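Undergrad: Numbering (the working numbering), first residue to last: 779 to 897.
Just so it is clear, CB atoms sit at the ideal spot from N, CA and C, and this is done for glycine as well.
All figures in this text were calculated on a predicted structure; none of them were measured in a lab.
1. Do residue 841 and residue 783 have their beta-carbon atoms positioned less than 7 Å apart in this structure?
2. Between the Cα of residue 843 and the Cα atoms of 894, 779, 786, which residue gives the shortest distance?
3. So, helix, strand or coil for residue 781, using DSSP?
4. If you draw a straight line from the C-alpha of residue 872 to the C-alpha of residue 815, how long is it?
5. If residue 883 sits next to residue 824, beta carbons under 8 Å apart, how far is it from one beta carbon to the other, in whole angstroms?
6. Tell me the residue span of the alpha helix (DSSP H) that contains residue 835.
7. Considering only the alpha carbon of each residue, which of 891, 827, 862 lies closest to residue 877?
8. Residue 852 by DSSP, collapsed to three states: which one?
9. Could you have a look at residue 786 and say whether DSSP puts it in helix, strand or coil?
10. If I follow the unbroken alpha helix (DSSP H) through residue 890, where does it start and stop?
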């Protein structure tokens with residue numbers, strides 16, 4: 779039974795993604811501190827934050843809007859980790875691991891959006 783946003787598996791996995799992203803940003807070049815690193819962290823944090831905020835609104839339309847914002851932030855993150863990979867800042871393994879987790883969250887968010895939109 780879902781009593782709080784913390785019970786949502788998609789929120790839990792999003793929190794794991796934030797942790798993974800913070801670990802990844804430690805290996806990026808220091809000269810990216812105010813560029814790619816900052817942007818990657820911001821959009822990663824935005825994903826579980828928007829899931830939680832939308833849940834707290836107690837309005838189906840607001841919840842759906844915040845879930846869509848979370849998906850947008852996820853797409854932004856996917857783009858940025860691919861940029862980091864293309865610049866050879868990330869190994870193929872690190873990129874694949876992070877990207878696959880983000881794809882799982884993407885599918886979960888899409889499914890949740892569909893369920894919220896039907897009600």
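TA: On the basis of the coordinates in this document:
1. no
2. 894
3. coil
4. 15 Å
5. That pair is no contact at about 12 Å.
6. 816-835
7. 862
8. helix
9. coil
10. 870-896
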